[in-house]
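Student:
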Amino acid sequence: MRVLFLGTHTPKLDDKGRMVLPAKYRPHLERGLVITRGQENCLYVYAQEEFERQAMQWQSTPTTNRKVRDYQRLFLSGAYDEVPDRQGRVTIPQMLRDYAGLSTECTVIGAGNRLEVWDTARWTDYLAAAEEDYSTQSEEVVPGLM
Numbered sequence: 001m002r003v004l005f006l007g008t009h010t011p012k013l014d015d016k017g018r019m020v021l022p023a024k025y026r027p028h029l030e031r032g033l034v035i036t037r038g039q040e041n042c043l044y045v046y047a048q049e050e051f052e053r054q055a056m057q058w059q060s061t062p063t064t065n066r067k068v069r070d071y072q073r074l075f076l077s078g079a080y081d082e083v084p085d086r087q088g089r090v091t092i093p094q095m096l097r098d099y100a101g102l103s104t105e106c107t108v109i110g111a112g113n114r115l116e117v118w119d120t121a122r123w124t125d126y127l128a129a130a131e132e133d134y135s136t137q138s139e140e141v142v143p144g145l146m
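Per UniProt numbering, residue 1 is the first one in the sequence shown, and the count goes up by one each step.
Written out as structure tokens, the structure is:
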């Protein structure tokens with residue numbers, strides 16, 4: 001079953017690097033998830049099934065292309081599989097917390113087929129910088145959208 005993740009939530013990381021997943025997402029992630037490096041120094045969180053679907057698509061990409069190899073290496077070498085505990089918590093490995101600059105305050109956004117985990121200050125800065133472009137780019141990004 002494919003899921004569409006939407007919305008913005010602000011969970012906190014505890015001192016053990018655990019984050020409580022927003023309740024609305026838990027049913028889609030309870031069988032397992034994968035956390036990995038995202039772009040713009042956030043983390044991507046995929047349901048296990050979606051991550052496997054993405055990885056299978058890569059099987060058809062040309063590993064003779066250096067950019068493909070570089071992307072796959074960074075994406076997959078930072079991937080950690082997790083199963084949420086009974087309270088809906090997942091542990092974010094230290095290496096990924098360092099990559100994303102996560103401390104206590106986090107912002108989790110729904111981004112379609114994945115969640116993104118951002119340091120809240122970094123998300124606020126990103127949002128402010130991207131807002132002007134967002135308001136003028138809908139036709140360029142998705143023709144016929146508006």
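Glycine is no exception: its CB is placed at the ideal position from the N, C-alpha and C atoms.
Can G101 and F5 be called in contact, C-beta distance under 7 Å?
Tutor: As a position in the sequence shown, residue 101 is number 101, starting the count at 1. As a position in the sequence shown, residue 5 is number 5, starting the count at 1. No, Cβ-Cβ distance for G101 and F5 is not below 7 Å.
Student: Using DSSP's beta-bridge definition, name the partner residues of D81.
Tutor: What you label residue 81 is simply residue 81 of the sequence shown in a count that begins at 1. By DSSP's assignment, D81 forms a beta bridge with V34.
Student: Can you give me the C-alpha to C-alpha distance between R69 and T63, rounded to a whole angstrom?
Tutor: The residue labelled residue 69 in the question sits at position 69 within the sequence shown. The residue labelled residue 63 in the question sits at position 63 within the sequence shown. Rounded to whole angstroms, R69 to T63 spans 6 Å at the Cα level.
Student: Should the region 86-94 be regarded as contacting the region 13-22, the criterion being three or more beta carbon pairs within less than 8 Å?
Tutor: yes
Student: With 16 other CB atoms within 10 Å as the buried threshold, where does D133 fall?
Tutor: Here residue 133 refers to the residue found at position 133 when the sequence shown is read from its first residue. Within a 10 Å sphere around the beta-carbon of D133 sit fewer than 16 other beta-carbons, which makes this residue exposed.
Student: When the Cα of G38 is compared with those of E30, V3 and D119, which residue comes out closest?
Tutor: Numbered from its first residue, the sequence shown carries residue 38 at position 38. The residue with the shortest Cα to Cα distance from G38 is D119.
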